[in-house]
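Position one of the sequence shown corresponds to residue 22 (the numbering used here), numbered consecutively onward.
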Amino acid sequence: MGKKRAAKKEKERSRMGQVRCLNCFERVTVPPRAEKIACPACGWEWRISWVNPDLPKVRGPLWERMKF
22 MGKKRAAKKE KERSRMGQVR CLNCFERVTV PPRAEKIACP ACGWEWRISW
72 VNPDLPKVRG PLWERMKF
């Protein structure tokens with residue numbers, strides 16, 4: 022059981038600094054202190070906030086940039 026827990030923690034650490042695109046669900050690496058990002062897979066742009074220096078969070082889309 023200890024090995025599984027350690028593997029899970031390592032996997033979580035490897036995801037630090039990443040968010041999922043809420044449009045296509047691809048993982049996107051967020052540059053440190055970025056306030057917005059664009060998903061390289063689908064092109065949607067997102068506002069970013071920081072829970073702590075290593076943990077970004079998607080706050081919502083940049084609607085003014087969206088073309089429907």
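The C-beta atom is built at its ideal place from N, Cα and C for all residues, glycine as well.
Beta-carbon to beta-carbon, I58 and V72 are separated by about 15 Å, too far to satisfy the 8 Å threshold.
Rounded to whole angstroms, the separation of the alpha carbons of R68 and W84 is 10 Å. Taking G81 as the centre and dropping the five residues before and after it, the same chain places the C-beta of R68 closer than 6 Å to its C-beta, in chain order.
When secondary structure is reduced to three states using DSSP, W71 falls in the strand class. Our two residues, L76 and V40, have alpha carbons roughly 9 Å apart in a direct line.
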